[in-house]
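If you're matching positions, the sequence shown starts at 1 in the UniProt record's numbering and goes up one per residue.
No residue lacks a Cβ here, since even glycine has one placed at the ideal position from N, Cα and C.
The model shown is predicted, which means the values in this text are computed figures rather than measured ones.
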Amino acid sequence: MTEYCPHLWKTVTIDHKGDVFHCCKINPLNLGSIYEKHLSERLNTPEIQSVREKSLHGTLPCYADCNLIRKPCDAASDLTKACDYNRLTDLYVDFGMKCNICCVMCKQREKYKTDKRGLTCAILKKNIDYSPFQHIYLQGGEPLYIEECLKFMDYLSSIGKKYSLLTNGLLIPDSMAKKLASNADLISISLNAATKNTHEIVNEGSSWEKVLENIASVRQYRQEYGTSLSINGRMTLTVHALPEIPLFLKSFEEFGFDTVNFGYDLATVPKYLEGHPDFKKNLSAQIKEVLGNADRKKVDTLRLEQLGLI
1 MTEYCPHLWK
11 TVTIDHKGDV
21 FHCCKINPLN
31 LGSIYEKHLS
41 ERLNTPEIQS
51 VREKSLHGTL
61 PCYADCNLIR
71 KPCDAASDLT
81 KACDYNRLTD
91 LYVDFGMKCN
101 ICCVMCKQRE
111 KYKTDKRGLT
121 CAILKKNIDY
131 SPFQHIYLQG
141 GEPLYIEECL
151 KFMDYLSSIG
161 KKYSLLTNGL
171 LIPDSMAKKL
181 ASNADLISIS
191 LNAATKNTHE
201 IVNEGSSWEK
211 VLENIASVRQ
221 YRQEYGTSLS
231 INGRMTLTVH
241 ALPEIPLFLK
251 SFEEFGFDTV
261 NFGYDLATVP
271 KYLEGHPDFK
281 KNLSAQIKEV
291 LGNADRKKVD
301 TLRLEQLGLI
């Protein structure tokens with residue numbers, strides 16, 4: 001039996017302090033600081049090789065509670081406890097907690113008051129070889145509100161690397177819309193409800209109209225430039241917006257999204273659904289009805305499955 005986690009062989013996450021992990025949930029082991037050594041020197045310590053061995057033999061401690069991967073996940077037959085740098089595919093880079101709005105489920109803006117650390121573009125240029133990475137994900141806070149992230153975006157473009165980012169969609173003037181349409185391969189925009197009123201309650205400080213206007217602008221330049229940029233709608237589920245999941249699934253293409261996926265507030269949503277079984281049953285029926293008429297290739301349902309909604 002295995003508890004194969006592909007991230008242990010394919011993924012690297014660098015948090016806002018510069019610490020290196022294999023997982024964006026900063027599990028299962030801190031591999032050390034990117035400020036002190038090249039990334040290639042961090043990936044095969046005896047400690048992390050022991051963790052990979054546990055994954056292959058069914059004793060990975062963080063596996064049972066993980067909601068990032070679809071289980072079970074089949075391991076390649078040639079895997080060993082070593083990680084081949086040239087077979088890495090995904091890099092997550094966290095630029096810190098600085099943000100321009102305050103979402104009800106997010107603690108980052110409050111934490112930023114006492115922790116203003118963030119990665120620098122200079123160290124990311126110095127200590128990482130980007131050649132193997134097929135996907136580079138930029139995270140905040142709000143990435144487009146962080147100067148070092150903006151510098152890093154330009155650096156990646158200068159070496160011919162596309163990037164992906166999760167943004168609240170507010171800081172996309174015409175110049176940024178052009179840049180994203182040209183240089184990104186995926187932008188995921190947080191639209192955390194299907195109506196203006198609920199979205200602006202959940203994303204306090206946001207503007208429904210501004211976000212939709214900016215999505216339309218990026219789509220316009222994508223068409224003009226003929227690029228393959230994908231525009232994803234990210235709905236992080238809160239108790240406020242749970243009733244709007246069916247409407248979101250019906251409307252996401254009208255909002256300007258090519259695809260959609262979901263997150264959820266771990267502190268509130270599972271507990272709320274457990275305590276309201278009739279609501280959950282009715283919501284589940286509505287979601288299944290909408291999905292029955294949807295193009296399922298455009299909808300990532302993993303989180304809905306994990307919540308027992310489909």
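DSSP puts residue i in a beta bridge; with which residues?
i	result
Cys102	Glu204
Ile159	Note: Ile159 sits in no beta bridge, so no partner.
Asp94	Gln139
Met235	Phe262
Asp19	Ser33
Ile187	Leu165 and Ile231
Val299	Val260
Taking the alpha-carbon positions, what's the residue i to residue j distance?
i	j	result
Asn30	Leu186	28 Å
Leu304	Val104	20 Å
Lys107	Ile101	11 Å
Pro270	Lys288	19 Å
Leu283	Pro246	8 Å
Lys116	Met97	7 Å
Lys200	Lys250	According to the sequence as given, residue 200 is Glu; it is not Lys. Cα-Cα distance, rounded: 20 Å.
Glu274	Glu209	34 Å
His57	Ile123	36 Å
Ser207	Lys196	8 Å
residue 313	Tyr85	Not covered by the structure: residue 313. The range shown for the chain is 1 to 310.
Phe95	Lys54	31 Å
Tyr130	Lys111	30 Å
Ser50	Ser40	18 Å
Ile26	Glu224	39 Å
Asp174	Val218	8 Å
Tyr4	Gly118	31 Å
Cys73	Glu47	23 Å
Lys81	Cys23	16 Å
Pro277	Leu68	25 Å
Asn293	Phe248	14 Å
residue 317	Cys149	Given a span of 1 to 310 for the chain in the structure shown, any question on residue 317 remains unanswerable.
Lys37	Asp78	28 Å
Lys298	His16	31 Å
His240	Ser188	21 Å
At what residues does the alpha helix (DSSP H) containing residue i begin and finish?
i	result
Phe279	Pro277 to Gly292
Ile128	Unbroken run through Ile128: none, as it is neither H nor E.
Ile48	Pro46 to Leu56
Lys249	First, the residue type needs correcting, since residue 249 is Leu and not Lys in the sequence shown. Ile245 to Phe255 is the span of the alpha helix (DSSP H), which, as asked, contains Leu249.
Lys111	Gln108 to Tyr112
With distances taken from CA atoms, which of the options is nearest residue i?
i	options	result
Lys280	Thr80, Pro243 and Ser251	Pro243
Phe262	Ser77, Leu88, Cys23 and Leu166	Leu166
Asp300	His240, Ser164, Leu212 and Arg234	Arg234
Asp295	Ala285, Glu36 and Glu253	Glu253
Asp178	Ile215, Gly205 and Leu191	Residue identity check: residue 178 is Lys in the sequence provided, not Asp. Here the closest residue by C-alpha is Ile215.
Pro61	Pro46, Pro28 and Cys83	Pro28
Lys125	Leu191, Arg109, Phe152 and Tyr145	Phe152
Arg222	His240, Gly205, Met176 and Thr114	Met176
Ala285	Thr59, Leu309, Cys99 and His16	Leu309
Glu213	Ser33, Ala64, Glu36 and Gly256	Gly256
Gly205	Glu36, Asp78, Ala241 and Arg109	Arg109
Pro6	Ser188, Ala76, Lys113 and Pro132	Ala76
On the DSSP letters alone, give me the boundaries of the beta strand (DSSP E) that residue i sits inside.
i	result
Ile174	As written in the sequence, residue 174 is Asp, which differs from the Ile given in the question. Asp174 -> not in any beta strand (DSSP E); alpha helix (DSSP H) instead, spanning Asp174 to Asn183.
Val12	Thr11 to Ile14
If the criterion is Cβ atoms closer than 8 Å, does the pair residue i and residue j meet it?
i	j	result
Asn232	Thr198	no
Val20	Leu91	no
Leu89	Gln139	A small correction: the amino acid at residue 89 is Thr; Leu does not occupy that position in the sequence shown. No, they are not a contact pair.
Tyr264	Leu307	yes
Arg52	Leu8	yes
Glu142	Leu171	yes
Val202	Thr238	yes
Leu156	Ile128	no
Leu229	Leu180	yes
Ala184	Ser164	yes
Thr236	Asn192	yes
Ser182	Thr227	yes
Ile159	Val93	no
Lys162	Arg87	no
Tyr145	Cys99	yes
Taking 7 Å as the cut-off, is the CB of residue i close to at least one heavy atom of the ligand MG?
i	result
Asp74	Absent from the structure shown: the ligand MG. Ligands present: none.
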